[in-house]
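Asks: Note that the protein sequences, when read in sequence, are chains A and B. Be aware that the first sequence starts at 74, since it is given in my numbering, and climbs by one per residue. Be aware that the second sequence starts at 37, since it is given in my numbering, and climbs by one per residue.
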Amino acid sequence: MRVPYVNLVAQHAPIKSAIMAAVESVIDHGQFILGSEVADFERRFAELCQVPYAVGVNSGTDALLIALKALEIGPGDEVITVPSSFVSSTSVIMLVGAQPVFIDVGPDYNMDPDQIEAVITPRTKAILPIHLTGRPANMGPILETARKHDLHVIEDAAQAVGAEYNDHRVGSLGTIGCFSLHPLKTLNACGDAGMLTTHDARLYESFKTLRNIGLGTRDDCVVWSGNSRLDTMQAAILLVKLGYLEEWTERRRQNAVRYRELLSDLPQVKTPQELPHERAVYHTFVIEAEQRDSLKAHIAENGIGSAVHYPIPIHLQSVASCLGYGEGRFPVSEKQASRILSLPVYPELEPQQLEYVADCIRGFYRADNQ
Amino acid sequence: MQVKYSYLEEQFADVEPYLNDIRNLVASGDFTLGAPVPEFEARFADLCGLPHAIGVGSGTDALILSLKMLGVGHGDEVITTPNTFIATVGAIAMTGARPVFVDNDERYTIDVSQIEAAITPKTKAILPVHLTGTPADMPSIMEIARRHDLAVVEDAAQAILAQIDGQHVGSWGDTACFSLHPLKNLNVWGDGGVIVTRSAELAEKLKLFRNHGLSSRDDVAMFGHNSRLDSLQAVVANRLVDQAAWITEQRIANALRLDQGLSDLGEYVIIPRRSPNIREVFHTYVIKASNRDALVEHLIAQGIEAKVHYPIPLHLQPAADYLGYKAGDFPVCEEHCRMIFTLPVHQHLGSEQINYMIEKVREFYLGNNRRI
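1. For the stretch 312 to 324 of chain A and the stretch 166 to 180 of chain A, state whether three or more C-beta atom pairs, one from each stretch, are separated by less than 8 Å.
2. Where do the ends of the alpha helix (DSSP H) carrying ARG324 (chain A) lie?
3. Give the range of the beta strand (DSSP E) segment to which GLN172 (chain A) is assigned.
4. Pull out every residue of the stretch 114 to 127 of chain A whose Cβ sits closer than 8 Å to any Cβ of chain B, in chain order.
5. Assuming SER176 (chain B) and VAL148 (chain B) form a contact by the criterion Cβ under 8 Å, report the distance between their Cβ atoms to the nearest whole angstrom.
6. Does DSSP classify GLN426 (chain A) as helix, strand or coil?
7. Taking 7 Å as the limit between beta carbons, can you name the residues of its chain near PRO125 (chain A), skipping five residues before and five after?
8. Pull up the distance between the alpha-carbon of HIS166 (chain B) and that of ALA342 (chain B), whole angstroms please.
9. Taking only the alpha-carbon atoms, compute the straight-line gap between GLN24 (chain B) and MET174 (chain B) and give it to the nearest angstrom.
10. For a contact defined as C-beta to C-beta under 8 Å, what are the partners of ARG59 (chain B) on chain A?
11. Using 9 Å as the limit for Cβ to Cβ distance, is PHE366 (chain B) near chain A?
12. Could you spell out where the alpha helix (DSSP H) holding LEU269 (chain A) opens and where it closes?
13. If you reduce the DSSP assignment to three classes, tell me which class TYR126 (chain A) lands in.
14. When you compare each of A:ASP187, A:SER158, A:ILE200, A:GLY235 to VAL354 (chain A) by their alpha carbons, which one comes out closest?
15. By the three-class DSSP mapping on this structure, what secondary structure does GLY107 (chain B) have?
16. Please work out which residues of its chain come closer than 6 Å, Cβ to Cβ, to ALA127 (chain A), disregarding the five sequence neighbours upstream and downstream, and give them in chain order.
17. Assuming the contact rule is C-beta atoms closer than 8 Å, THR170 (chain B) and ARG143 (chain B) should be a hit. Round their C-beta distance to whole Å, please.
18. Answer with buried or exposed for VAL130 (chain A), where buried requires no fewer than 16 other C-beta atoms within 10 angstroms of its C-beta.
19. For the beta strand (DSSP E) that LYS324 (chain B) lies in, which residues bound it at each end?
20. 9 Å is my cut-off, CB to CB: does MET258 (chain B) come that close to chain A?
21. If I'm right that ILE151 (chain B) touches ILE122 (chain B) with Cβ under 8 Å, what's the distance once you round it to whole angstroms?
22. In the structure shown, what three-state DSSP assignment does MET184 (chain A) receive?
23. What runs of the beta strand (DSSP E), each 3 residues or longer, lie entirely inside the stretch 106 to 165 of chain B?
24. Can you list, in chain order, the residues of its chain with a C-beta nearer than 8 Å to that of LYS104 (chain B)? Leave out the 5 residues immediately preceding and following it.
25. Check each residue of the stretch 165 to 178 of chain A: if its Cβ is closer than 7 Å to any Cβ of chain B, include it; give the result in chain order.
26. Taking C-beta pairs closer than 8 Å, name the residues in chain B that VAL82 (chain A) reaches, listed in chain order.
27. Using a threshold of 9 Å, state whether the C-beta atoms of HIS382 (chain A) and LYS258 (chain A) are closer than that.
28. Please return the same chain residues whose Cβ sits closer than 8 Å to the Cβ of VAL295 (chain A), not counting the five positions on each side in sequence.
29. Flag GLY195 (chain B) as yes if its beta-carbon sits less than 9 Å from any beta-carbon of chain A, otherwise no.
30. Helix, strand or coil for GLU363 (chain A) per DSSP?
31. Can the beta-carbon of PHE214 (chain B) be found less than 9 Å from the beta-carbon of ILE231 (chain B)?
32. Since LEU81 (chain A) and PRO256 (chain A) should fall inside the 8 Å C-beta cutoff, what is the C-beta to C-beta distance between them, to a whole number of angstroms?
33. Flag this pair as yes or no: are the beta carbons of TYR265 (chain B) and GLY65 (chain B) separated by less than 9 Å?
34. Do you know whose CA, among B:GLU316, B:ASP227, B:VAL188, lies nearest GLY108 (chain A)'s CA?
35. Using a 10 Å radius around the Cβ and a threshold of 16 neighbouring Cβ atoms, would you call ASN328 (chain A) buried or exposed?
36. Please go through the same chain and pick out, in chain order, the residues whose beta-carbon is closer than 8 Å to the beta-carbon of GLU407 (chain A), but skip the five residues on each side of it.
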């Protein structure tokens, strides 16, 4: 049996005609730049995230960049984040000229709130937690610390559309939520796309200006800025997919439940937990496994795709040497990086495929024990 | 009669081949830097006669990425003109550098005689704009840049296939930046841009920088942006890139007919001097007119989508307040903003439409007596 790690072909096959109808309807009106589908999608996405305002941009990375710019974070400022993430959550801080300050993660792969206060300085402007894997970071204590020290909270929810913390959707908890709708995300465009969410009407206006070359009106440029608009075509496609999101997310969650059932008695494998006040959406289903690399090779030999998100913590990337963090500085992140493995968890995964993945993993450790 | 500014309706006349390509792309799932992107990059590089093209998210991103990879950042200055689209200056500001303006000449491009006076120890780059599709005086600009060791980024957003002495724009500066915005001469169906360069090293850096700095799936060579030309847009561009030569010829022919039809209105209408060694590609057909606002109103009332590119000089935009410029600082640009207007010139215009535009402009100034 073959189980690819991702399967965009299977995702798109049943909805292809709806997507093509959406594409054609955009061609019919020809408003490729900020056409009505963008505003429609923004409205629906705001509802989904339980916020009054959402703004579409060109990518999740651009959403973070615009968030930092809207909060006027730049040279001389510090932003607290974690090294266990996709690189762009740190890149954006560097790109605006600010300083990323790392703290370690906990067993949930997300920011350890207990470590925040120790790194706050007078230059700290914001905390940037990441809802990695689609599981919400421990936002209660993060928000409390932020309030106490008057800091902004930018949620990097790139992997977590629809995730919840105490019944609140991610993106509605901090000052700003930043989402990626990249083709491999749980809600995915057929190209790059991103979203910003907020409760703050002034930030909302600022997002709209910053994503559209600083235009206040057609001819008035109120601030110099770049161009980062969600394509109308992608918005139209996303509107189609949004109709399936709940169903897709529930299937991911069911896949996670099933993996836990099938793997939880293996002492060599730790499956991700979900606490009662959390709703994780499983952009990735990340286990911690002994002999990770051998396991990965073993299941690959059996036709199963898997991935490591991410094998090198950001502070150990050569490009990050300028930040001055050495090996051993963030032991939890580093240990996880050597043990984690992402298993196929997409909605189109067949039950037999999932059982086959679990069987192969069990087989690996059985063989190992003999 | 209606004379529209946009040509998209005509482009959609036979939309099935495009839809078929998009259908295949959706079925393949090859959305991020998929096969259509390198295909387009190779074809675009060929079109410009240059070895390297890099597809990015927009023309603005093309400028931002170019400037940053040439080392422009906080504390630096970049010289450009105040008569351009705001994104030119937006891009400079996004790098953290300060835009420094130099007035433009009667061809709507930077006045090269004023550049050296604007150079300071902080100047890192010159950013000439080939506005309307008219190439700036690149030989002179390159000489100044060499003398002062400055980078040159050509803003060629409006100037695909423009040439000086048979040499394409994009072959002079360190990079040239093109926009594929839906209303450009070569367009896609959303935002898109391309950078071209002669330098293999710079091309390599730009490819990293547009894609999170990833040298492999897991290795980060630099802290980068995410600014990739969508595969979906590359599919559209691959259908249109073959038409770029024809589109350009058609626009040039249309512009020359407008020139001929309006050239004797010297008292009312001033057409920029055309030079035989300079190939202007007429993204926009911009001329100066007396009583401009009334003329534009008249043309619009007659069904002609006349426009003004652009009514407010950038040094007088609210965003420029902190730069400390004032009205009168750039007299040529300011006069142009009061006098210029734009007539449709796109590739799908018919002769009746061109004659109609000529007739309506003449009618405005001469009444029924259409000869001077």
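The beta-carbon is built from N, C-alpha and C at its ideal position, and this holds for glycine as well. Quantities reported herein were computed from a predicted structural model and do not represent experimental measurements.
Replies: The short version:
1. no
2. 318 to 336
3. 172 to 175
4. none
5. 4 Å
6. helix
7. ALA119, HIS272
8. 21 Å
9. It is not possible to answer for residue 24 (chain B), since the shown part of chain B is limited to 37 through 408.
10. LYS89, MET93
11. no
12. That residue, LEU269 (chain A), is in no alpha helix (DSSP H); its beta strand (DSSP E) goes 267 to 271.
13. strand
14. A:GLY235
15. coil
16. GLU115, PHE118, ALA119, MET268, THR270
17. 5 Å
18. buried
19. 321 to 325
20. yes
21. Contact doesn't hold; Cβ gap of about 21 Å is too wide.
22. strand
23. 113 to 116, 134 to 137, 159 to 162
24. THR131, PHE245
25. MET167, LEU168, GLY170
26. ALA63, SER64, GLY65
27. no
28. THR282, GLY287, LEU288, GLY289
29. The sequence shown places Ala at residue 195 (chain B), not Gly. It does not; no Cβ of chain A falls within 9 Å.
30. coil
31. yes
32. 6 Å
33. The sequence given here has Leu at residue 265 (chain B), not Tyr. No. Outside cutoff.
34. B:ASP227
35. buried
36. PRO386, LEU389, GLU400, GLY401
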